[in-house]
Amino acid sequence: MMKPVTRIQSRTVVLPTTDIDTDQLIPARFLTTTSREGLGQFLFHDLRFDANGNADPDFALNQPAADGCGILVAGNNLGCGSSREHAPWALLDYGFKAVISTEIADIFRNNSLKNGLLPVVVDADTLQYLMQNPGISLDIDVTQATLALPDGKTIEFPIDGFARHCLTEGLDQLGYLLQHETRISSFEEARQWKP
Amino acid sequence: MASAQTLFEKVWNEHVVVAETADTPAILYIDLHLIHEVTTPQAFNVLREKGLHVRRPDLTLATMDHSTPTTPVTSFKDMAVVVGENAARQVRRMQENCDAFGLELLGFDSDQRGIVHVIGPEQGATQPGKTIVCGDSHTSTHGAFGALAFGIGTTEVGHVLATQCLLQRKARTLALNIDGDLPTGVSSKDLILAIIGQIGVDGGTGHVIEYRGSAISAMDMDSRMTVCNMSIEAGARAGMIAPDDHTFEYLAGRPRVPQGTDWERAVAHWRTLKSDADAVFDKSVSIAADKLQPMVTFGTNPGMVIGVNDPVPDGGGDPSFRKALDYMQISAGKPLTNTEVDVVFVGSCTNSRLSDLQQAAAVVKGKKIAAGVRMLVVPGSQQIKKDAEAIGLDRVFTAAGAEWRESGCSMCLGMNGDTVNSGQLSVSTSNRNFEGRQGIGARTILASPMTAAASALAGRVADPRPFISQGE
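Protein sequence lines correspond, in order, to chains L and Z.
Mapping of the first sequence onto this note's numbering: position 53 corresponds to residue 422, and the numbering continues sequentially without gaps.
Mapping of the second sequence onto this note's numbering: position 413 corresponds to residue 464, and the numbering continues sequentially without gaps.
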């Protein structure tokens with residue numbers, strides 16, 4: 370059902386700011402949608418555009434070098450704040466396939482994995498290297514959980530085994546839960562304490 | 052005998068359907084699923100596509116709060132004029148989805164509706180020892196009752212609707228020990244802001260926080276909810292407080308709690324829900340409550356916070372810090388107390404309960420807010436609105452020059468048209484001072500209801516303590 374994600378080869382775009390929150394990723398006024406489609410136009414909306422809708426030429430995503438970049442490199446604690454899944458939906462719709470930081474907030478990381486957006490946590494030295502070298506091509510092997518830099522250096526990154534399995538096989542976690550229906554029913558019947 | 056357990060571990064263990072392994076996360080049972088109009092439409096779409104029904108409508112409670120107007124409107128047509136077509140459509144879709152899937156909705160015409168994290172406890176649906184989730188990060192609020200409560204995304208909303216379960220890895224634990232008495236004029240809002248300032252906006256990432264100590268034991272439930280509410284602002288998965296007599300007194304007699312002998316049985320079980328004396332936490336932090344002062348944020352995340360009379364720090368050349376001060380148009384080296392205020396917002400799932408409104412009202416009673424300041428008071432639920440009106444709080448606020456509204460999330464995130472204009476400075480009792488949170492270009496200072504009310508009177512950021520001693 371989801372497209373398998375096994376390998377991501379793309380160039381990076383860098384936003385060095387720390388604590389980029391989900392309100393910056395997609396402002397709340399765009400959450401009145403009832404669909405998950407077409408949210409890329411709202412990604413980083415208030416950083417990309419001024420009040421009159423003119424693009425800010427200084428913002429990294431608006432620069433020609435950012436065209437076609439599928440990997441977002443951001444400062445520590447990316448995706449803090451709200452639980453809005455619209456944030457990974459907007460990133461994916463815009464064309465991002467992976468996000469990299471030294472720390473990625475829990476709910477945002479979880480939401481990203483559920484949608485096939487790969488969250489990659491790296492050490493501070495690696496992040497610094499990536500920030501100093503925007504636009505470089507990375508080769509991410511999801512199956513091996515490794516990230517290869519252009520100079521050939523390979524870095525391992527942590528990823529939950531189950532989440533990786535679902536990503537690389539394109540598996541829907543709801544299907545996995547539904548397979549346990551009998552276990553869920555027995556749990557409901559056997560509970561010692563029922564609220 | 053099992054080894055010593057934390058409160059979190061006790062609640063977690065009671066809900067494990069399938070234990071976690073190295074290869075697979077646990078399947079965790081959910082006792083209460085709160086849903087609202089913003090983060091559910093796409094989940095209901097998935098259920099329709101797959102031909103699934105809601106497994107436990109009886110454990111699902113719906114309301115609408117984010118996109119709803121706070122001025123009185125009676126029809127969806129009128130609503131569209133106030134909040135816009137898209138927001139009104141979202142509200143209508145919620146009604147349609149609840150009808151189609153047979154779910155109880157405390158809808159727009161219900162006198163029980165309100166902010167989802169206010170009505171759960173108010174209706175007694177929030178109870179100790181429950182697992183509670185909602186497609187909203189401030190679900191951590193319900194942890195004030197000793198529930199394990201956390202925010203989830205829309206995909207997971209679909210998982211819970213269809214299976215009443217979630218795939219979860221067990222979080223680590225962080226003990227926050229808070230001893231001493233909060234001084235006069237210092238509230239639980241100041242405490243949680245000070246905590247976030249100390250541990251940082253990512254200090255709780257991967258952890259469930261348990262708030263403990265004499266300051267917590269002394270707190271009423273409204274204050275505990277304020278503390279747990281902002282756990283997510285420290286990055287924590289959830290915040291919890293062991294239930295005690297305050298908890299049971301709050302819940303007794305509420306519509307959705309167990310009745311009769313079931314109540315006695317429930318309380319007996321709830322009393323076991325506390326961390327064992329020798330339980331081990333992964334991390335531990337201590338804070339002295341009696342040393343705290345009213346807190347205000349100066350930057351663009353809740354961790355950028357200082358005492359109201361302290362100078363704004365300079366951030367030591369950190370570009371993100373610099374960027375935040377530039378956005379806020381605030382200079383380092385001086386306190387915020389001379390900063391002019393345009394808007395004051397008292398409301399949100401953090402600070403919109405009756406005691407919050409009472410604290411703000413006590414400051415403004417018999418006085419006028421400063422010329423040019425717009426003050427918006429938005430109760431957390433229709434019930435709180437009614438209770439506040441019964442004791443005359445609405446008249447205290449309107450006589451002071453403030454606006455008194457219907458319940459909802461309102462200006463916390465401005466989805467319903469209640470926004471702060473670009474460049475305006477807002478002192479807000481809400482939970483996030485992110486760039487643009489209250490409106491495009493809005494500058495937000497987070498504070499307690501007392502500090503917000505004092506700032507409305509002064510027309511600038513103000514220490515509430517002089518206003519409180521005058522009032523008494």
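For each residue, glycine too, the CB sits at the ideal point set by N, CA and C.
Note that the coordinates shown come from a computational prediction; the quantities given were computed from them, not determined experimentally.
**OP:** Leaving out five residues on either side along the sequence, give the residues of the same chain with a beta carbon under 6 Å from the beta carbon of SER265 (chain Z).
**Re:** On the second sequence, position 214 is the one that residue 265 (chain Z) refers to. Closer than 6 Å at Cβ, skipping near neighbours: ASP230.
**OP:** Kindly say whether THR388 (chain Z), judged by its beta-carbon, lies nearer than 8 Å to any beta-carbon of chain L.
**Re:** Counted from its first residue, the second sequence places residue 388 (chain Z) at position 337. Not one chain L Cβ lies under 8 Å of THR388 (chain Z).
**OP:** Just confirm the distance between the C-beta atoms of HIS534 (chain L) and ILE78 (chain Z), as a whole number of angstroms; I'd bet it's less than 8 Å.
**Re:** For the purposes of this step, residue 534 (chain L) is taken as residue 165 along the first sequence, with counting starting at 1. For the purposes of this step, residue 78 (chain Z) is taken as residue 27 along the second sequence, with counting starting at 1. Here HIS534 (chain L) is actually not in contact with ILE78 (chain Z); their C-beta atoms are around 16 Å apart, not less than 8 Å.
Subject >> Boundaries of the beta strand (DSSP E) in which GLY202 (chain Z) is found, first to last residue >> reply: Locating residue 202 (chain Z) in the second sequence gives position 151, where the first residue counts as 1. That run of the beta strand (DSSP E) goes 199 to 202.
**OP:** Give the range of the alpha helix (DSSP H) segment to which VAL308 (chain Z) is assigned.
**Re:** As a position in the second sequence, residue 308 (chain Z) is number 257, starting the count at 1. That residue, VAL308 (chain Z), is in no alpha helix (DSSP H); it is neither H nor E in DSSP.
Original post:
Do VAL524 (chain Z) and VAL395 (chain Z) have their C-beta atoms closer together than 8 Å?
Top reply: Beyond the ends of chain Z as shown, which are 52 and 523, falls residue 524 (chain Z); an answer cannot be given.
Subject >> Residue ranges of each beta strand (DSSP E) within the segment 313 to 357 of chain Z, 3 or longer >> reply: Counting only unbroken stretches of 3 or more residues, the beta strand (DSSP E) elements lying wholly within the segment 313 to 357 of chain Z are 334 to 339 and 346 to 348, in sequence order.
Original post:
Buried or exposed: ILE267 (chain Z), going by 16 or more other Cβ atoms within 10 Å of its Cβ?
Top reply: Walking along the second sequence from the start, residue 267 (chain Z) turns up at place 216. It is buried - the Cβ of ILE267 (chain Z) has at least 16 other Cβ atoms within 10 Å.
**OP:** Report the three-state DSSP secondary structure of ALA226 (chain Z) (helix, strand or coil).
**Re:** Translated into the one-based positions of the second sequence, residue 226 (chain Z) becomes position 175. DSSP places ALA226 (chain Z) in the strand class (E or B) of the three-state scheme.
Original post:
Hey, is the segment 468 to 481 of chain L in contact with the segment 436 to 454 of chain L, meaning 3+ C-beta pairs nearer than 8 Å?
Top reply: For the pair of segments examined, the segment 468 to 481 of chain L was found to touch the segment 436 to 454 of chain L: the number of CB pairs separated by less than 8 Å reaches three.
**OP:** Report the three-state DSSP secondary structure of HIS168 (chain Z) (helix, strand or coil).
**Re:** For the purposes of this step, residue 168 (chain Z) is taken as the residue at position 117 of the second sequence. Correct three-state label for HIS168 (chain Z): helix.
Original post:
Grouping DSSP H, G and I as helix and E and B as strand, with all else coil, what is SER479 (chain Z)?
Top reply: In the second sequence, counting from the first residue as 1, residue 479 (chain Z) sits at position 428. If DSSP states are grouped into helix, strand and coil, SER479 (chain Z) belongs with the strands.
**OP:** Report buried or exposed for HIS104 (chain Z), applying the criterion of at least 16 other Cβ atoms within 10 angstroms of its Cβ.
**Re:** What you label residue 104 (chain Z) is simply residue 53 of the second sequence in a count that begins at 1. Exposed, by the Cβ-count rule.
Original post:
When DSSP builds the beta bridges, which residues end up paired with PRO488 (chain L)?
Top reply: By one-based count along the first sequence, residue 488 (chain L) stands at place 119. Bridge partners of PRO488 (chain L): L:VAL468.
Original post:
So, is the C-beta of ASN402 (chain Z) closer than 8 Å to a C-beta in chain L?
Top reply: Indexing the second sequence from 1 puts residue 402 (chain Z) at position 351. The beta-carbon of ASN402 (chain Z) is placed no less than 8 Å from the nearest beta-carbon of chain L.
Original post:
Using the beta-carbon count (16 or more within 10 Å), is VAL184 (chain Z) buried or exposed?
Top reply: The count along the second sequence starts at 1 and reaches residue 184 (chain Z) at position 133. Here VAL184 (chain Z) is buried. Its C-beta has 16 or more other C-beta atoms within 10 Å.
Original post:
Taking Cβ positions only, does THR90 (chain Z) come closer than 8 Å to chain L?
Top reply: Here residue 90 (chain Z) is taken as the residue at index 39 of the second sequence, counted from 1. True, the Cβ-Cβ gap to chain L drops below 8 Å.
**OP:** Answer yes if the segment 224 to 242 of chain Z comes into contact with the segment 312 to 323 of chain Z, meaning at least three C-beta pairs across the two stretches below 8 Å, and no otherwise.
**Re:** Contact between the segment 312 to 323 of chain Z and the segment 224 to 242 of chain Z is absent, because fewer than three Cβ pairs lie under 8 Å.
Original post:
Quick one: Cα of PHE465 (chain L) to Cα of ASP313 (chain Z), how far?
Top reply: Position 96 of the first sequence, counting from 1, holds the residue named residue 465 (chain L). Position 262 of the second sequence, counting from 1, holds the residue named residue 313 (chain Z). Counting only the Cα atoms, ASP313 (chain Z) lies some 52 Å from PHE465 (chain L).
**OP:** Taking only beta-carbon positions, decide if GLU558 (chain L) is within less than 8 Å of chain Z.
**Re:** Mapped onto the first sequence, residue 558 (chain L) falls at position 189. For GLU558 (chain L), not one C-beta of chain Z is nearer than 8 Å to its own C-beta.
Original post:
Mind checking GLN434 (chain Z): buried by the 16 CB within 10 Å criterion, or exposed?
Top reply: Numbered from its first residue, the second sequence carries residue 434 (chain Z) at position 383. By the neighbour-count rule (16 or more Cβ atoms within 10 Å), GLN434 (chain Z) is buried.
Original post:
Looking only at C-alpha atoms, which of Z:GLY175, Z:SER118 and Z:THR72 sits nearest to LEU112 (chain Z)?
Top reply: In the second sequence, counting from the first residue as 1, residue 112 (chain Z) sits at position 61. Of Z:GLY175, Z:SER118 and Z:THR72, the residue nearest in Cα terms is Z:GLY175.
Original post:
Is the segment 498 to 509 of chain Z close to the segment 477 to 488 of chain Z, with three or more CB pairs under 8 Å?
Top reply: Short answer: they touch.
**OP:** Could you give the DSSP three-state label for ARG263 (chain Z): helix, strand or coil?
**Re:** Within the second sequence, residue 263 (chain Z) is the residue found at index 212, counting from 1. In the three-state reduction of the DSSP assignment, ARG263 (chain Z) falls in the strand class.
Original post:
Could one say the Cβ of GLY290 (chain Z) lies closer than 8 Å to chain L's Cβ atoms, at least one of them?
Top reply: Start at 1 with the first residue of the second sequence, and residue 290 (chain Z) comes out as number 239. For GLY290 (chain Z), the answer is no, since every Cβ of chain L falls outside 8 Å of its Cβ.
Original post:
At a CB-CB cut-off below 8 Å, which residues of chain Z make contact with THR401 (chain L)?
Top reply: Here the question's residue 401 (chain L) lines up with position 32 in the first sequence. What THR401 (chain L) touches in chain Z: VAL89, SER118, GLY135, ASN137, ALA138, ARG140, GLN141 and MET466.
**OP:** Evaluate contact between the segment 166 to 180 of chain Z and the segment 143 to 156 of chain Z, counting only Cβ atoms and requiring at least three cross-stretch pairs below 8 Å.
**Re:** The segment 166 to 180 of chain Z, when compared against the segment 143 to 156 of chain Z, does not touch it at the 8 Å Cβ threshold.
Original post:
Are any of the Cβ atoms in chain L nearer than 8 Å to that of ILE203 (chain Z)?
Top reply: Numbered from 1 along the second sequence, position 152 holds the residue referred to as residue 203 (chain Z). The Cβ of ILE203 (chain Z) sits closer than 8 Å to at least one Cβ of chain L.
Original post:
Applying a beta-carbon distance threshold of less than 8 Å, which residues of chain L neighbour LYS374 (chain Z)?
Top reply: The residue given as residue 374 (chain Z) occupies position 323 in the second sequence. Correct list: THR386.
**OP:** Check each candidate in Z:THR401, Z:THR390 and Z:MET426 and name the one with the smallest Cα separation from ALA412 (chain Z).
**Re:** Taking the first residue of the second sequence as 1, we reach residue 412 (chain Z) at position 361. Here the closest residue by C-alpha is Z:MET426.
Original post:
Does the separation of the CB atoms of GLY26 (chain Z) and VAL62 (chain Z) fall below 8 Å?
Top reply: Given a span of 52 to 523 for chain Z in the structure shown, any question on residue 26 (chain Z) remains unanswerable.
Original post:
By DSSP, does ILE283 (chain Z) sit in helix, in strand, or in coil?
Top reply: The count along the second sequence starts at 1 and reaches residue 283 (chain Z) at position 232. For ILE283 (chain Z), the three-state secondary structure derived from DSSP is helix.
Original post:
In terms of DSSP beta bridges, what is GLN378 (chain L) paired with?
Top reply: Translated into positions along the first sequence, residue 378 (chain L) becomes position 9. Note: GLN378 (chain L) sits in a beta bridge opposite L:ASP508.
Original post:
What residue does the beta strand (DSSP E) around MET291 (chain Z) start on, and which one ends it?
Top reply: For this step, residue 291 (chain Z) is matched to residue 240 along the second sequence. Annotation: the continuous beta strand (DSSP E) that includes MET291 (chain Z) extends over 289 to 291.
Original post:
Leaving out the 5 sequence neighbours to the left and right, which residues in its chain are closer than 8 Å to ASN360 (chain Z) when beta-carbon positions are compared?
Top reply: Looking up residue 360 (chain Z) in the second sequence gives position 309. Excluding sequence neighbours, ASN360 (chain Z) sits near GLN344, PRO386, THR388 and ASP514.
**OP:** May I ask you to report which of helix, strand or coil DSSP gives PHE518 (chain Z)?
**Re:** Along the second sequence, read from residue 1 onward, the residue named residue 518 (chain Z) stands at position 467. Of the three classes helix, strand and coil, the one that applies to PHE518 (chain Z) here is helix, per DSSP.
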